[in-house]
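**Student:** When we follow our numbering, the leftmost residue of the sequence shown carries the number 902, and every step to the right adds one.
Backbone N, C-alpha and C define an ideal beta-carbon position, used for all residues, glycine too.
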Amino acid sequence: MSWLQDLQHLFGVQDAKQLLLIGMVPVFGLVTIWEMFRFGRTPVYDVRDSLASVALGGSYLLVEAGFYALFVFSLGAWVYEHRLFTIPINGWTFAALFVLGDLCFYVNHRTCHRVRYFWCTHVVHHASEHMNFTTASRQSTLSAISGVWIFYLPLIWLGFDAMWVFFALSLNLAYQYFLHTQWVRRLPAPIEFIFNTPSHHRAHHGRNPRYIDRNYGGTFIVFDRLFGTFVPESEEEPPEYGIVRQVHSYNPVVLTLHEWIAMARDIARPGPLWQRLKHLWKPPEWEREPRPAAEQRTEAAA
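(1) Below 8 Å CB to CB, which residues in the same chain sit around Leu952 once its five sequence neighbours on both sides are set aside?
(2) Judging by CA-CA distance, which residue of Leu921, His1106, Leu922 is the nearest neighbour of Phe1026?
(3) Under the criterion of a Cβ to heavy atom distance below 6 Å, does Tyr1117 qualify as lining the ligand SAH?
(4) Tell me where the alpha helix (DSSP H) around Arg1103 begins and ends.
(5) Please name the residue in Leu920, Ala996, Met1032, Arg1177 whose C-alpha comes closest to that of Ser954.
(6) To the nearest angstrom, how far is it from the Cα of Arg1017 to the Cα of Thr994?
(7) Taking only the alpha-carbon atoms, compute the straight-line gap between Glu1221 and Val928 and give it to the nearest angstrom.
(8) Below 7 Å between beta carbons: does that hold for Glu936 and Phe1034?
(9) At 4 residues or longer, and completely inside the region 934-978: list those alpha helix (DSSP H) runs for me, N to C.
(10) Would you check if the region 965-984 and the region 1039-1046 touch, i.e. whether three or more CB-CB distances between them fall below 8 Å?
(11) Since Ala1063 and Phe974 should fall inside the 8 Å C-beta cutoff, what is the C-beta to C-beta distance between them, to a whole number of angstroms?
(12) Taking DSSP as the reference, what is the three-state secondary structure of Phe1121?
(13) For a quick check, are the C-beta atoms of Gly1143 and Gln1077 less than 7 Å apart?
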């Protein structure tokens, strides 16, 4: 894999992740246009929703590239200096890194759903009421700033070079782009058993009670099977896409900030400071106590 090391010398480690994702943009664009023609006259696509998703994806890439270059990779280099081992990269060790990286993604993704602070950024991705390739690009502009990269630092500490860790992550994320579609139904059973597929990921995006907080895997679905978070897509109950408290907005700023504002409002409510701060790490649905009926009516009307 000396070709990637050559790229490192040319561009620096901070660009290893972004190079692949940016390089894949033409491919993402082509398959999206192809899907648009396939579903053009159906409810699968909504022009305003897709434009919002693409705008969010572009701002996400720009902010992430800058933040990683300015901070994350310096921190990664520091962690690597204090690593436990030095793990050389070959075919076997890269395969191990990719699987371990997917486990880190699983932990990251599950945390983003069950810890409200991280949900404030991840909710942007789930706010779309449509499931198509543009939904894959819908990411929070504040994702990198919120610190989701922290889940991959243990791999660097273990002994994998930061360049390889983030390159493996970029491969994982590129794969996931193709999961956001209704075009592909079910794949052969062995593939559905091992890998995350469009069917599994459609279930993940469902706001039906049976689908909420399920199927967190990135490339593989085996960690969901191991940790009890797997659920198959049901033909009897198709996923209804979006979030429980729908945003109903196509404004990228509203989509980026609405959950941060809601969390800040909950923290500002009167009560002991320790109880108020729990909104940062408790699940998104957690409430300290039943709120006054007048307050609930005011929020519902907002």
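**Tutor:** Looking at the coordinates:
(1) Tyr1151
(2) Contrary to the premise, residue 1026 reads as His rather than Phe in this sequence. If we check each option's Cα against that of His1026, His1106 comes out closest.
(3) In the structure on display, the ligand SAH does not appear, and there are no ligands present to speak of.
(4) 1099-1105
(5) Met1032
(6) 35 Å
(7) One cannot answer for residue 1221 here, as it falls past the ends of the chain, which runs 902 to 1203.
(8) yes
(9) 948-968
(10) yes
(11) 6 Å
(12) strand
(13) no
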